[in-house]
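Here is the structure we will look at.
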Amino acid sequence: MRIGELSTRTRTPVRLLRYYEDQGLIASDRLPNGYRDYEEYVVDRVLQVRGLLDAGLPTRIIKQILPCLNTPRTIHMPYVTPDMVATLEHERDRMAERIECLTKNHRAITDYLDAVRRDIRGAGGPGRPVDAVEP
Numbered sequence: 070m071r072i073g074e075l076s077t078r079t080r081t082p083v084r085l086l087r088y089y090e091d092q093g094l095i096a097s098d099r100l101p102n103g104y105r106d107y108e109e110y111v112v113d114r115v116l117q118v119r120g121l122l123d124a125g126l127p128t129r130i131i132k133q134i135l136p137c138l139n140t141p142r143t144i145h146m147p148y149v150t151p152d153m154v155a156t157l158e159h160e161r162d163r164m165a166e167r168i169e170c171l172t173k174n175h176r177a178i179t180d181y182l183d184a185v186r187r188d189i190r191g192a193g194g195p196g197r198p199v200d201a202v203e204p
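Residue numbers (the working numbering): 70 to 204.
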């Protein structure tokens, strides 16, 4: 498939796909006219890369673990080094901290919205001050 179709199927901008290729995260063949041609499996690979980036992993670590990822949710680690384990543990712990922070913020925003909605329903509409809500 060409880069435009890959972009559409993965909802990833073409420019970002080119960046992934420059970083060695995905690969394409070149057609005689110079166009990139991607195999079907690259759709899953792009989704994996995006998921790992969204989780906070930097591209240098993603590049290290990509050879271990066959399909989504299937991980094979034939070349595990102590450094890779330590790096992944650190990244996992960092993600857990981010999840905890996001969960607290989500709860605080939900509580705030609930209080605002109660106030709007109960006392005459928007614009009235709302008592402070603790997170």
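Note that CB positions come from ideal geometry on N, CA and C, so glycine has one too.
Taking every protein chain shown into account, the CB of Tyr104 has fewer than 16 other CB atoms within 10 angstroms, so this residue is exposed. At least 7 angstroms separates the beta-carbon of Leu116 from that of Ile131. Under DSSP, Asp98 forms a beta bridge with Asp106. The segment 148–162 makes no contact with the segment 173–189: fewer than 3 CB pairs, one atom from each, lie closer than 8 angstroms.
With respect to Leu75, Tyr107 sits close: the two C-beta atoms are nearer than 7 angstroms. Between the alpha carbons of Arg161 and Val185 lies a gap of roughly 36 angstroms. Around the CB of Arg99, fewer than 16 other CB atoms lie within 10 Å, so the residue is classed as exposed. In the structure shown, the three-state DSSP call for Leu126 is coil. Nearest in C-alpha terms to Asp123, of all of Arg71, Ile189, Asp183, Arg163, is Arg163.
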